[in-house]
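Residue numbers (our numbering): 95 to 513. The structure under discussion appears below in the form of structure tokens.
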Amino acid sequence: MAAFFVEPLWYLAFPLIWIFAILTLTDFIVLFLPKNYIDAKRILADRWHLGEDNSVMIAVHNKRNIAHKIAVIDELPDAFQARKFKLSWEMPAKGSVQKAFSLKPLRRGLYSFGNINVFVATKLGLLERKLVINTPQSVKVYPTTKYLASYQLLAQGNRYGLPGEKKIRKMGSSMEFEQIKEYVMGDDIRTINWKATARRGHMMVNTFTDTRSQQIYCIIDKGRTMKMPFEGMSLMDYAIRAALVFANVALQKHDRAGLITFSSAVDDLIAADNNGRQMQRILEVLYRQETNFADADYESLLNVLHKKLSQRCFLMLFTNFESLSSLERQLPYLRMLAKRHLLCVVFFENTALQSLVDGEAERIEDIYKQTIAERFMFEKKIMVKELRRAGIITILTRPDQLTATVVNNYLELKSRQEL
Numbered sequence: 095m096a097a098f099f100v101e102p103l104w105y106l107a108f109p110l111i112w113i114f115a116i117l118t119l120t121d122f123i124v125l126f127l128p129k130n131y132i133d134a135k136r137i138l139a140d141r142w143h144l145g146e147d148n149s150v151m152i153a154v155h156n157k158r159n160i161a162h163k164i165a166v167i168d169e170l171p172d173a174f175q176a177r178k179f180k181l182s183w184e185m186p187a188k189g190s191v192q193k194a195f196s197l198k199p200l201r202r203g204l205y206s207f208g209n210i211n212v213f214v215a216t217k218l219g220l221l222e223r224k225l226v227i228n229t230p231q232s233v234k235v236y237p238t239t240k241y242l243a244s245y246q247l248l249a250q251g252n253r254y255g256l257p258g259e260k261k262i263r264k265m266g267s268s269m270e271f272e273q274i275k276e277y278v279m280g281d282d283i284r285t286i287n288w289k290a291t292a293r294r295g296h297m298m299v300n301t302f303t304d305t306r307s308q309q310i311y312c313i314i315d316k317g318r319t320m321k322m323p324f325e326g327m328s329l330m331d332y333a334i335r336a337a338l339v340f341a342n343v344a345l346q347k348h349d350r351a352g353l354i355t356f357s358s359a360v361d362d363l364i365a366a367d368n369n370g371r372q373m374q375r376i377l378e379v380l381y382r383q384e385t386n387f388a389d390a391d392y393e394s395l396l397n398v399l400h401k402k403l404s405q406r407c408f409l410m411l412f413t414n415f416e417s418l419s420s421l422e423r424q425l426p427y428l429r430m431l432a433k434r435h436l437l438c439v440v441f442f443e444n445t446a447l448q449s450l451v452d453g454e455a456e457r458i459e460d461i462y463k464q465t466i467a468e469r470f471m472f473e474k475k476i477m478v479k480e481l482r483r484a485g486i487i488t489i490l491t492r493p494d495q496l497t498a499t500v501v502n503n504y505l506e507l508k509s510r511q512e513l
């Protein structure tokens, strides 16, 4: 272009054009004539955990004796909406490179990956070749199990023991045999073991303990009130995570854990048990749970529990009430459940209201909003009082503190021998 105005420059431009053409042709031959000289694969775990950073590994292998510049664009699942994802690095000759990145899923279910797009260039960088490597993969996102190990240690220890407190073993009247011991003043003479007495030559008695294996059910409300979001996940996701940890702790404490999910009807019911596969059954059911826009039918829940649960159980109900009127509609059914079982109702604080109240009011409109928010927060406290007045154990907590609060409440009940 400069030679059009300054004619002597033509003698410089003409050879440069030929040099550029030769280099471009060389770049084309190097990049496009060979086939299958780049391999790429995606390395994933068998399952992912909800709300946690899960690792993805991209491994690329160069089969040629020529170094390349590599750019990789992975077709991530649509749920992540990653529009600008790209990895770039220098690829050595006859070498392999692995690059890792993490993804944080915020909903349970099946996540599908597409192809791996590899863009290859030489050091000249005049041309770039796109290689589409067909590597479709899927991974299931389960409720997180990261906290199970830490809460197992909590379940095995005496979390509520006070310094100087002497723990007295309570002798029960059930038929679960513990041991044979020598008779002491005050022992029930009805428990005398005459065969052991004859062998030992002095009075021996049988001792029994309270049955440790209690039936415990996690009941999860899947209605519309559980769709409320908190830090990218719904309230039901937090309830599922807490229920999974709670069930594992209950099994560690020798109780039998079960699961019930319901919305307009009871959808899933896993009978309480303490065998080795119970946690896997609970996990598989929790994996596929979804909220809906229906109202929770507590009458249907009450009818099913009356038919299926013949013994007194401990029921941990995960639900949510946003107004006093919504609680009053369900309170009669909760009272009837509390008559036959030990019921604990868990519902959530509205953290958005708390942040609104704590904010600084700059206009009269802000004062109105804060007043209304304080009224709704006060209604939550009234709900707690109404439930406790009906003899129902009540937990009001933030979603991010739910797991620890539920487990601590259960361990406290066990330490007080209320279960």
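Note that the Cβ used here is the ideal one computed from N, Cα and C, for glycine as well. Treat the numbers as computed from the prediction; the structure is a model and nothing was measured.
For isoleucine 486 and isoleucine 274, what's the separation of their Cα atoms in angstroms? 39 Å
Could you work out which residue in Leu421, Met151, Leu436, Thr491 is closest to leucine 170 when comparing CA atoms only? Residue Met151 is the option with its Cα nearest to leucine 170.
Are the CB atoms of valine 440 and valine 500 nearer to each other than 8 Å? yes
Sufficient close CB pairs (3 or more, under 8 Å) joining the region 191 to 198 to the region 138 to 154: yes
One question on the structure: do glutamine 189 and asparagine 228 come within less than 8 Å of each other, judged by their Cβ atoms? The sequence given here places glycine at residue 189; glutamine does not occur at that position. Not closer than 8 Å, so no.
Going by other Cβ atoms of all chains shown within 10 Å of its Cβ, with 16 needed for buried, is tryptophan 183 buried or exposed? exposed
Quick check on DSSP: helix, strand or coil for threonine 238? In the three-state DSSP reduction, threonine 238 falls in the coil class, being neither helix nor strand.
Can you tell me whether arginine 253 is helix, strand or coil according to DSSP? Low local confidence applies: a pLDDT of 49 at arginine 253 is under 50, so the model's placement there is unreliable, with the coordinate-based value given in what follows. In the structure shown, arginine 253 sits in coil (DSSP, three-state: anything other than H, G, I, E or B).
Is the region 452 to 468 in contact with the region 422 to 434, if contact means three or more CB pairs nearer than 8 Å? no
Distance, Cα to Cα, alanine 173 vs tyrosine 236? The straight-line gap separating the alpha-carbon atoms of alanine 173 and tyrosine 236 is approximately 15 Å.
Candidates Glu480, Thr497, Phe114: which alpha carbon is nearest threonine 239's? Thr497
Indicate whether tyrosine 504 and alanine 333 have their beta-carbon atoms separated by less than 8 Å. It is not a contact, given that the beta carbons lie outside the stated cut-off.
Determine the DSSP secondary structure at phenylalanine 302, reduced to helix, strand or coil. Strand, per DSSP.
Tell me, please, which residues DSSP counts as bridged to cysteine 407. For cysteine 407, which the question treats as bridged, DSSP gives no partner whatsoever.
Among Trp288, Val478, Leu220, Glu325, the one whose alpha carbon lies nearest that of alanine 446: Glu325
Could you give the first and the last residue of the continuous beta strand (DSSP E) run that contains isoleucine 137? 132 to 137
Sub-8 Å separation of tryptophan 142 and valine 233 beta-carbons: yes
Minimum C-alpha distance to arginine 434 - residue among Arg469, Asn397, Glu443, Pro323: Asn397
Determine the DSSP secondary structure at glutamine 231, reduced to helix, strand or coil. strand
Since leucine 144 and glutamine 231 are thought to touch, with beta carbons under 8 Å apart, how far apart are those beta carbons, to the nearest angstrom? Actually they are not in contact, since the Cβ atoms of leucine 144 and glutamine 231 sit about 19 Å apart, beyond 8 Å.
Quick check on DSSP: helix, strand or coil for proline 323? strand
Should glycine 280 be labelled buried (16 or more other beta-carbon atoms within 10 Å of its own) or exposed? So glycine 280 counts as exposed.
State yes or no: is the C-beta of asparagine 368 within less than 8 Å of the C-beta of alanine 351? yes
Does the distance from the CB of alanine 215 to the CB of lysine 163 come in under 8 Å? yes
Based on Cα-Cα distance, which residue from Arg318, Asn209, Asn444, Phe442 lies nearest to phenylalanine 387? Arg318
Is it buried or exposed for leucine 409, if we count other Cβ within 10 angstroms and need 16 for buried? buried
Under DSSP, the beta strand (DSSP E) around aspartate 168 begins and ends at which residues? 162 to 168
Close-in-space but distant-in-sequence residues of the same chain around valine 451 (CB under 8 Å, 5 per side omitted): Gln464, Ala467, Glu468, Met471
Report the CB separation of threonine 301 from glutamate 276 in whole angstroms; it is logged as a contact under 8 Å. Actually they do not touch by this definition, with Cβ atoms about 11 Å apart.
Just to confirm, is the Cβ distance from leucine 418 to glutamate 473 under 8 Å? yes
Taking the beta strand (DSSP E) that threonine 497 belongs to, which residues open and close that run? Run containing threonine 497: none in the beta strand (DSSP E); it sits in the alpha helix (DSSP H), 496 to 509.
Based on the DSSP secondary-structure assignment, which residues constitute the bridge partners of glycine 203? DSSP lists Val235 as the bridge partner or partners of glycine 203.
Is the distance from the Cβ of asparagine 414 to the Cβ of methionine 320 below 8 Å? Annotated as proximal: asparagine 414 and methionine 320, with beta-carbon spacing under 8 Å.
From Lys129, Phe442, Thr118, pick the residue whose C-alpha is nearest to that of glutamine 495; which is it? Phe442
Nearest CA to the CA of leucine 436: which residue from Ala365, Cys407, Asn130, Ala292? Cys407
Could you say which of His348, Ala134, Lys217 lies nearest to phenylalanine 122 if we only look at CA atoms? Of the listed residues, the one whose Cα sits closest to phenylalanine 122 is Lys217.
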